[in-house]
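Structure record follows, encoded as structure tokens.
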Amino acid sequence: MIRRILLTAAGVAVIVASGVAAGPAFVDITAKAGIRFQHYSGANGKKFMPETFGSGAVFFDADADGWQDILLVNSSRIPGEPGNVTYSALYRNRGDGTFQDITKGSGLDVEMYGMGASAADYDNDGRADLFISGYNVGRLFHNDGGGKFSDVTKKTGIAVPGWSTASLWFDYDKDGALDLLVGRYVEWTPATDIRCQMDGKNKSYCTPDSYPGLPPILFHNRRNGTFEDVSKPSGVGVNRFNSLGNSYELPRMLKTLGLSMLDFDGDGWMDVFVANDTHPNALFKNSGKGTFTDVAPSAGVSVTEMGVARAGMGIDASDYDESGRPSVVVGYFSNEMMGLYHNEGKGLFIDDSPASGIGKPSLLTLTFGCFFFDYDLDGRPDIFATNGHVVDDIERVQANVKYRQPPHLFRNLGNRKFVDAIKEVGADLIRPVVGRGAAYADIDRDGDLDLLITTSMGPAYLYRNDGTTNNLLRIELEGTVSNRSAIGARVDVRLAGGRNVWQVVKTGSSYLSQSELGLTFGLGSATNVESVRVTWPSGKMEMLPATKANQRIVMKEGAGPVKTEPIKR
């Protein structure tokens, strides 16, 4: 029996007996790090729909000093309703394990009913900009440097009416400038609020079925500091039909909560998977000619085998089984289990959730933020999911479903199998919360990946990953011909024995959140890799020969490695 010493959130050392070797433990360092954030939903007793959705978080390098900073999106009073005025929070990573709240005077200290955000350098000036979504909110903030941002929404032509949710930056036409895709939810206002009842007596929160959906919006970057709405010509915002030789179109009314970019068919053009709430999912195939077609029904990811649309929240894509193809994980409602769509090739996916081992453990939980990441650095992508219900008294009608729920941490065993390892990583992370957003980053630059979770009407939690002894390789990219953030670049790492693992630099994913752009490759006990290949969005390909493990390598398009430094393990 192996005994592991863990440090709890209260700073008390406890000894945990385990039948397995000591491994990673996630330690709550929120207070020690100086994170003092509290989400506010604007709830005032009227059970208005936006109150239950929470908000997301973004890891990004706001001041370009090489350390991952944090944006915690906050809501506020619902427009036209009484309540408190609250702001999102920007925390600067000091590089010593602590963060400084630099919100005041940053330009982000403005009232809005925020929900989500995504970060990328849309104008290729070397600084990561921010788009923030929410109820009646869709604002673009330009990074002016020094932790200062300016609202350039109107100046750039960004116009997002209604309720916006997930967003992502990607260069869908590969012209070297990042475009912006914004998902939207439903047509709801306080004036059109419907009195829904769960018990036939008291008002409860309505399901999305009660309101019509909204089409997503795609903004094309004109490369002159402005954007144009191409939702209609691209096909993202409309359904096109042909009846008896007559063409016509209708708005594509989705109810989007999750977006993930992926090249599912390997044709070199970035596609988008859309997770919708009680509405069929969408899989937008990029034609490479500026247009998209929803192929979700033929791909098998639109609805269940019974033809029922599930309630999709968070989402991510990764090659978790080394098939060479990206598969997709989606967080669903309680009693629906998570979805793990395995990419079979030839445009077809199958839901591998029941057979993989993640189905049964996730049956009763309600998953919001979820993503693939290699928490133990063994070279296989694991799955994290943060959970929490939307009804605070759900136990009155479903005794086996809780409002506060522990997360899932599905360890990848290989051969398309997972096991929930949440009990193996310490007492802090297993704490039941009303989870919403989630993201990962190496906040202390020690090589392993740390976690950030947001909660509805509660605090944010920052967890440091301790005890990971496996080796790794970290790759950070800077585009020149391609977009500066290198969004869409693919990095292939060839390991001893002929194994090939790969990742794509991407924004979006999870739920209303975004993880860091740097790529971390777990190597297990391997001390070197045979080669590294970078395929830039421009099509240019660059190779690195045999490379030692435990290094951070910064590569610039056309120049190769411009910085290499060791990572202390």
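Using our numbering, you'd call the opening residue of the sequence shown number 7 and step up by one each time.
For each residue, glycine too, the CB sits at the ideal point set by N, CA and C.
Since this is a predicted model, take the numbers as computed values, not measurements.
Rounded Cβ spacing between residue i and residue j (contact assumed at less than 8 Å)
{"i": "His-348", "j": "Ser-324", "result": "Not really, about 11 Å apart at Cβ, beyond 8 Å."}
{"i": "Thr-392", "j": "Arg-442", "result": "7 Å"}
{"i": "Lys-261", "j": "Tyr-191", "result": "6 Å"}
{"i": "Gly-296", "j": "Ser-240", "result": "6 Å"}
{"i": "Asn-506", "j": "Asp-498", "result": "6 Å"}
{"i": "Ser-4", "j": "Gly-494", "result": "With the chain covering only 7 through 575, there is no way to say anything about residue 4."}
{"i": "Phe-65", "j": "Asn-471", "result": "Not really, about 14 Å apart at Cβ, beyond 8 Å."}
{"i": "Pro-387", "j": "Tyr-326", "result": "5 Å"}
{"i": "Leu-578", "j": "Gly-306", "result": "As displayed, the chain neither begins before 7 nor continues past 575, which places residue 578 out of reach and without an answer."}
{"i": "Gly-189", "j": "Ser-210", "result": "So it is not a contact: roughly 25 Å between Cβ atoms."}
{"i": "Asn-477", "j": "Thr-533", "result": "6 Å"}
{"i": "Val-61", "j": "Thr-460", "result": "Sequence inspection shows Ser at residue 61; the Val mentioned does not correspond to that position. Right, their Cβ atoms sit about 6 Å apart."}
{"i": "Phe-379", "j": "Leu-455", "result": "5 Å"}
{"i": "Leu-435", "j": "Ala-445", "result": "About 15 Å; that fails the 8 Å criterion."}
{"i": "Gly-153", "j": "Asp-69", "result": "5 Å"}
{"i": "Ala-123", "j": "Asp-135", "result": "So it is not a contact: roughly 11 Å between Cβ atoms."}
{"i": "Phe-279", "j": "Ser-266", "result": "5 Å"}
{"i": "Tyr-517", "j": "Gly-264", "result": "6 Å"}
{"i": "Arg-496", "j": "Thr-553", "result": "With 8 Å as the limit, Arg-496 and Thr-553 do not qualify as a contact, their Cβ atoms being about 17 Å apart."}
{"i": "Arg-145", "j": "Met-118", "result": "7 Å"}
{"i": "Gly-120", "j": "Ser-81", "result": "6 Å"}
{"i": "Val-166", "j": "Ile-223", "result": "6 Å"}
Counterpart residues of residue i in DSSP-defined beta bridges
{"i": "Cys-376", "result": "Ala-391"}
{"i": "Glu-484", "result": "Lys-562"}
{"i": "Leu-523", "result": "Paired residue(s): none; Leu-523 is not in a bridge."}
{"i": "Phe-416", "result": "Ile-389 and Asp-426"}
{"i": "Tyr-347", "result": "Val-334 and Asp-357"}
{"i": "Ile-76", "result": "Phe-65 and Tyr-97"}
{"i": "Ser-173", "result": "Val-188"}
{"i": "Arg-496", "result": "Val-510 and Thr-541"}
{"i": "Gln-404", "result": "Paired residue(s): none; Gln-404 is not in a bridge."}
{"i": "Glu-580", "result": "Lying outside 7 to 575, the shown extent of the chain, residue 580 is not represented and no answer is given."}
{"i": "Phe-155", "result": "Asn-149"}
{"i": "Asp-34", "result": "Tyr-469"}
{"i": "Glu-548", "result": "Val-540"}
{"i": "Asn-534", "result": "Lys-554"}
{"i": "Pro-567", "result": "Met-561"}
{"i": "Asp-277", "result": "Leu-268"}
{"i": "Pro-367", "result": "In the DSSP output, where bridge partners are listed per residue, Pro-367 has none listed."}
{"i": "Pro-572", "result": "Gln-557"}
{"i": "Gly-5", "result": "Past the boundaries of the shown model lies residue 5; the chain is included only from 7 to 575, so the question cannot be answered."}
{"i": "Arg-201", "result": "DSSP, once it has assigned bridges, lists no residue as partnering Arg-201."}
Exposed unless 16 or more other CB atoms sit within 10 angstroms - verdict on residue i
{"i": "Gln-106", "result": "exposed"}
{"i": "Ala-565", "result": "exposed"}
{"i": "Pro-413", "result": "buried"}
{"i": "Thr-570", "result": "exposed"}
{"i": "Lys-180", "result": "buried"}
{"i": "Ser-361", "result": "First, the residue type needs correcting, since residue 361 is Ala and not Ser in the sequence shown. Flag for Ala-361 reads exposed."}
{"i": "Ala-27", "result": "At Ala-27 the pLDDT is 42, less than 50, meaning the model places this residue with poor confidence; the figure from the coordinates comes in the next sentence. So Ala-27 ends up on the exposed side."}
{"i": "Pro-218", "result": "exposed"}
{"i": "Ile-200", "result": "exposed"}
{"i": "Pro-303", "result": "exposed"}
{"i": "Gly-330", "result": "exposed"}
{"i": "Tyr-469", "result": "buried"}
{"i": "Val-158", "result": "buried"}
{"i": "Val-314", "result": "exposed"}
{"i": "Phe-147", "result": "buried"}
{"i": "Met-344", "result": "buried"}
{"i": "Gly-420", "result": "exposed"}
{"i": "Glu-255", "result": "exposed"}
{"i": "Phe-247", "result": "exposed"}
{"i": "Asn-245", "result": "exposed"}
{"i": "Gly-619", "result": "Residue 619 lies beyond the stretch modelled for the chain, which goes from 7 to 575, so this question has no answer here."}
| request: Ignoring anything shorter than 4 residues or poking outside the stretch 212-267, list the alpha helix (DSSP H) runs there in chain order. | output: 237-240
| Per the contact definition of three or more C-beta pairs closer than 8 Å, is the stretch 311-326 in contact with the stretch 275-292? | yes
| Along the chain, which unbroken stretches of the beta strand (DSSP E) at least 3 residues long are found entirely within the stretch 92-153? | Listed in chain order, the complete beta strand (DSSP E) runs (minimum 3 residues) inside the stretch 92-153 are 95-99, 105-107, 120-126, 135-140 and 143-151.
| message | Does the contact criterion of 3 or more C-beta pairs under 8 Å hold for the stretch 227-238 versus the stretch 87-105? | response | no
| request: Mind listing, in chain order, the continuous beta strand (DSSP E) runs of no fewer than 3 residues lying wholly within the stretch 280-329? | output: 288-292, 298-300 and 321-324
| Runs of beta strand (DSSP E) lying entirely within the stretch 419-481, each at least 3 residues, in chain order | Taking 3 residues as the shortest admissible run, the stretch 419-481 contains the following complete beta strand (DSSP E) segments, listed from N- to C-terminal end: 423-426, 441-447, 456-461 and 467-472.
| Any 3 or more C-beta pairs closer than 8 Å across the stretch 464-484 and the stretch 437-451 | They touch, by the three-pair rule.
| If we count Cβ pairs, one from each stretch, closer than 8 Å, do we get three or more for the stretch 376-389 versus the stretch 521-539? | yes
| query | Can you find at least 3 beta carbon pairs, one from the stretch 411-426 and one from the stretch 71-85, that sit closer than 8 Å? | reply | no
| query | Any chance the stretch 546-559 sits against the stretch 476-491, with 3 or more Cβ pairs inside 8 Å? | reply | yes
| query | Would you say the stretch 475-482 touches the stretch 556-564, given that touching needs at least three Cβ pairs under 8 Å? | reply | A contact exists between the stretch 475-482 and the stretch 556-564.
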